[in-house]
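Engineer: Attaching a single structure in structure tokens format; questions to follow.
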């Protein structure tokens, strides 16, 4: 009788232990996130002066009063809520600049979304004014479907979109509203 009761208790304990063992899951990621809200940035940087280099040559300089780092999200990004100023240097060390009231950089896609009073001035003195402009870093391509004004030489072109390579060699204003030629 004692052995039968022992076997019953042992079987119940083993069944409970096995149930607990197989029902537990690894939640190390959740434990690591304790105290960090996904709605809050994981880091904040102020007065940024970030220089990008390639083979020892400065290719870009990013200036911004504040950057919020949301790399704790599944779709990681960096946000520049107070605007950004980017200076790009070509192979001849000529400068093109981009300014925007707001910018966000998505790590996985390499897309930069610039919004609010976006002004892009190339080294060749071409200038683009837009409400919003996207830059695909991988393809080095600029695009938008928002209203734009593009000035190239003496021509000012208004349209409802823009598509171009980063050097403006293939610049195209979409749905052109009008072209004004200025006398200089």
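In my numbering, the protein residues as written are 22 to 205. All C-beta atoms, glycine included, are put in the ideal place defined by N, C-alpha and C. It should be emphasised that the depicted structure is a prediction, and the values quoted were computed from it without experimental measurement.
For residue 185 versus residue 196, is the C-beta spacing smaller than 9 angstroms?
Structural biologist: For residue 185 and residue 196, no; Cβs fall outside 9 angstroms.
Engineer: To test your reading of the DSSP string, which unbroken alpha helix (DSSP H) runs of 4 or more residues are found completely within the segment 138-199?
Structural biologist: Runs found: none.
Engineer: If contacts are defined as beta-carbon pairs under 8 angstroms, then residue 82 and residue 89 qualify, I think. What distance do you get, rounded to the angstrom?
Structural biologist: At roughly 20 angstroms, the Cβ-Cβ gap does not stay under 8 angstroms, so residue 82 and residue 89 are not in contact.
Engineer: Contact between the segment 106-122 and the segment 63-71 is defined here as three or more beta-carbon pairs at a separation below 8 angstroms; is this criterion met?
Structural biologist: The segment 106-122 is not in contact with the segment 63-71.
Engineer: Do residue 6 and residue 126 have their C-beta atoms closer together than 9 angstroms?
Structural biologist: With the chain running from 22 to 205 in the structure shown, residue 6 is simply not present.
Engineer: Counting only runs that start and end within the segment 86-128, where is the beta strand (DSSP E) found for 3 or more residues in a row?
Structural biologist: Runs of the beta strand (DSSP E) inside the segment 86-128: 98-101, 105-110, 116-121, 123-127.
Engineer: I need the straight-line Cα distance from residue 151 to residue 144, nearest angstrom please.
Structural biologist: Rounded to the nearest angstrom, the two C-alpha atoms are 18 angstroms apart.
Engineer: On the three-state DSSP scale, how would you describe residue 33?
Structural biologist: Looking at residue 33 - three-state DSSP - the assignment turns out to be helix.
Engineer: My understanding is that residue 148 touches residue 172, with C-beta atoms under 8 angstroms, so please give their C-beta distance in whole angstroms.
Structural biologist: Yes, they are in contact, since the Cβ atoms of residue 148 and residue 172 sit about 5 angstroms apart, within 8 angstroms.
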